[in-house]
Amino acid sequence: MAIAAVATLSTAVAGVASAAEKINIATLAFVSSAPLFIAKEKGYFADEGLDAELTFFRAAQPVSVAIASGDADFGVTAFTGGFFNLAAKGALKVIGAQLHEEPGYDGSAILVSNKAYDAGLTKVEQLGGHSFALSQVGSSFHYMIGNVAEKAGFDLASMDLKPLQAVPNMIGALKTGQVDSMIIVPHIAKPLANAGAAHIIGWVKDYVPYQVGGLFTSTRNVEQRRDVVEHFVKAYQKGVADYRAALLATDENGKLVKSDSTDEILKIVHKYVYADDPEEKAFPKIRNGAMFITKDARLDVADVKKQVKWYQDHGYVSKDADPDTFIDTSFIPPLDAK
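Residues -19 to -1, 1 to 319 (mature numbering (1 follows the signal peptide of the UniProt record, and there is no 0)) make up the sequence shown, in order.
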């Protein structure tokens, strides 16, 4: 009896010791979040001892708020002015990269409504004086149109910026002609254009090659649960590697090609993106929406600092915000590291 009791107790203790660490990941149901979907579906999080749950939001800003408040442990989405303000207050740490606008890969598209296009808005240089949909003031959409304006030579102040709070609202406003223009990721932009619901007149990569988003967590996690963060990063990097191999593979001429793992990865991403569409419709959309992610999710630190300065110069981020205090490259070497 005593031996049996000891054996039962030992088994119970071992079970507790090996229990997976629960984590919540805040993100958007975009192709850009594919490494997370891959890491979850292929068991990379589980292999690292993590019980990962995904929570989906409809805009980037609420993701950073969820991390700062402790409602989620990790986030993967675009940088925003609100994000940088929270990070500057000590709530957040940037630990890796998400999307990067990169020449040679389709990224965010500049779209105009059919109504505006038919009225003569056919070139990026003509956007001045027109309305523009964005999620929130100080969002990544705001940053992109601001930089496009500078490069294309029109005045951002002349535009009528329409903060519509969520991406579906932006899409609806453009399709119905309530706004003249917007910027959006390719897995949304291309189907809209192909369906005749809008027109693509340019690409952000041709004006602003930049680090669109990042991988981040709370300062508390970095300081008190460093091992959990390290395990999360390992799983995420495996997801990034699979994403790159399946959706960013190119031939000797730099043309995107299908790899041996493409169909497997498309099936995984399809569970989260265009899930209501049959595979024959969803797969091309997902492939079209596969934006560039750096190897090992290495962050373009210099560009993130450039973004902070732009937001500061335009009054959306506190002047005392110092990127060096919230960018943590101890988990993943930065893009410019030797």
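Quick reminder that beta carbons are idealized off the backbone N, C-alpha and C, glycines included.
Assigned exposure category for D161 - 16 Cβ within 10 Å defines buried: Here residue 161 is taken as the residue at index 180 of the sequence shown, counted from 1. The residue is buried, with at least 16 neighbouring Cβ atoms inside 10 Å.
4 or more residues per run - each alpha helix (DSSP H) lying fully within the segment 96 to 180: 121 to 133, 148 to 156, 167 to 175
Segment contact flag, the segment 114 to 132 with the segment 49 to 63, C-beta cutoff 8 Å, min 3 pairs: yes
Alpha-carbon to alpha-carbon, Q159 and T275: Residue 275 sits at position 294 when you count from the first residue of the sequence shown. Residue 159 sits at position 178 when you count from the first residue of the sequence shown. C-alpha of T275 to C-alpha of Q159: approximately 36 Å in a straight line.
Span of the alpha helix (DSSP H), counted from its first residue to its last, around F264: Position 283 of the sequence shown, counted from the start, is the residue given in the question as residue 264. Looking at the DSSP string, the run of the alpha helix (DSSP H) that includes F264 is 260 to 269.
Reference T306, options L73, V46, D294, closest by Cα: Taking the first residue of the sequence shown as 1, we reach residue 306 at position 325. Sorting L73, V46, D294 by C-alpha distance to the C-alpha of T306 places L73 at the top.
Cβ neighbour criterion (16 or more within 10 Å) applied to E82: Taking the first residue of the sequence shown as position 1, residue 82 is located at position 101. Burial call: buried.
Cβ neighbour criterion (16 or more within 10 Å) applied to Q218: If you number the sequence shown from 1, residue 218 lands on position 237. Looking at its Cβ environment, which holds 16 or more other Cβ atoms inside 10 Å, Q218 is buried.
Which listed residue (W291, N95, F264) has its alpha carbon closest to that of L247: Residue numbering aside, residue 247 sits at position 266 when the sequence shown is read from its first letter. Of the listed residues, the one whose Cα sits closest to L247 is F264.
Neighbour-count burial assignment, E29, 16 or more Cβ in a 10 Å radius: Looking up residue 29 in the sequence shown gives position 48. Buried is the call here.
Segment contact flag, the segment 17 to 29 with the segment 201 to 221, C-beta cutoff 8 Å, min 3 pairs: Judged by Cβ distances under 8 Å, the segment 17 to 29 makes contact with the segment 201 to 221, as three or more pairs qualify.
Alpha-carbon to alpha-carbon, G56 and residue 372: Residue coverage of the chain in this structure runs from -19 to 319, which leaves residue 372 outside it and unanswerable.
Supposed contact pair K266 and H111 - C-beta distance, whole angstroms, cut 8 Å: For the purposes of this step, residue 111 is identified with residue 130 of the sequence shown, where counting begins at 1. For the purposes of this step, residue 266 is identified with residue 285 of the sequence shown, where counting begins at 1. Your pair H111 and K266 does not check out as a contact, with CB atoms roughly 27 Å apart and the cut at 8 Å.
Local Cβ density within 10 Å of F37, reported as buried at 16 or more and exposed below that: Within the sequence shown, the letter at position 56 stands for residue 37. By the 10 Å Cβ count, F37 comes out exposed.
For D277, the nearest candidate out of A216, Y253, S242 (CA to CA): Here the question's residue 277 lines up with position 296 in the sequence shown. The shortest Cα separation from D277 among A216, Y253, S242 belongs to A216.
Coil, strand or helix - A302 by DSSP: Taking the sequence shown and counting its residues from 1, one reaches residue 302 at position 321. A302: coil per DSSP, three-state reduction.
A49 (DSSP reduced to helix, strand or coil): Taking the sequence shown and counting its residues from 1, one reaches residue 49 at position 68. If DSSP states are grouped into helix, strand and coil, A49 belongs with the helices.
Sufficient close CB pairs (3 or more, under 8 Å) joining the segment 79 to 99 to the segment 181 to 194: Between the segment 79 to 99 and the segment 181 to 194 there are three or more C-beta pairs closer than 8 Å, enough to call the two in contact.
D303 to L31 span [Cα, whole Å]: Within the sequence shown, numbered from 1, the residue matching residue 303 stands at position 322. Within the sequence shown, numbered from 1, the residue matching residue 31 stands at position 50. One C-alpha to the other measures close to 32 Å.
Environment of K104 [buried if 16+ CB atoms lie within 10 Å]: Taking the first residue of the sequence shown as position 1, residue 104 is located at position 123. Looking at its Cβ environment, which holds fewer than 16 other Cβ atoms inside 10 Å, K104 is exposed.
Burial state of A138, where buried means 16 or more other Cβ atoms lie within 10 Å: Along the sequence shown, one-based indexing puts residue 138 at 157. It counts as exposed.
Simplified DSSP state of S311, which is helix, strand or coil: By 1-based counting over the sequence shown, the position of residue 311 is 330. DSSP places S311 in coil when its eight states are reduced to three.
Proximal residues to S240 (C-beta, below 8 Å), its chain only, five neighbours per side dropped: For the purposes of this step, residue 240 is taken as the residue at position 259 of the sequence shown. Counting only Cβ-Cβ distances below 8 Å, and skipping sequence neighbours, we find A226, A227, A230.
Touch test, the segment 139 to 151 against the segment 190 to 205, Cβ-Cβ under 8 Å, three pairs minimum: Between the segment 139 to 151 and the segment 190 to 205 there are fewer than three C-beta pairs closer than 8 Å, too few to call the two in contact.
For E83, three-class secondary structure by DSSP: Residue 83 sits at position 102 when you count from the first residue of the sequence shown. DSSP places E83 in coil when its eight states are reduced to three.
Coil, strand or helix - T(-9) by DSSP: Numbered from 1 along the sequence shown, position 11 holds the residue referred to as residue -9. Reliability fails at T(-9), whose pLDDT of 47 lies under 50, so the model's placement of it is uncertain and no value is given.
C-alpha gap between residue 320 and E34, whole angstroms: The shown model of the chain, from -19 to 319, leaves out residue 320, and the question about it has no answer.
With 16 other Cβ atoms within 10 Å as the buried cut-off, status of T157: Locating residue 157 in the sequence shown gives position 176, counting from the first residue. T157 should be labelled exposed.
Buried or exposed by the 16-neighbour rule on C-beta atoms within 10 Å, applied to R279: Residue numbering aside, residue 279 sits at position 298 when the sequence shown is read from its first letter. That one is buried.
Buried/exposed call for V238, threshold 16 Cβ in 10 Å: The residue given as residue 238 occupies position 257 in the sequence shown. Exposed, by the Cβ-count rule.
CB contact flag (V189, I76, <8 Å): Position 208 of the sequence shown, counted from the start, is the residue given in the question as residue 189. Position 95 of the sequence shown, counted from the start, is the residue given in the question as residue 76. Against a cut-off of 8 Å, the Cβ pair of I76 and V189 comes out as no contact.
Pair within 8 Å by beta-carbon distance, E2 and V209: Along the sequence shown, read from residue 1 onward, the residue named residue 2 stands at position 21. Along the sequence shown, read from residue 1 onward, the residue named residue 209 stands at position 228. Cβ distance < 8 Å, so E2 and V209 count as in contact.
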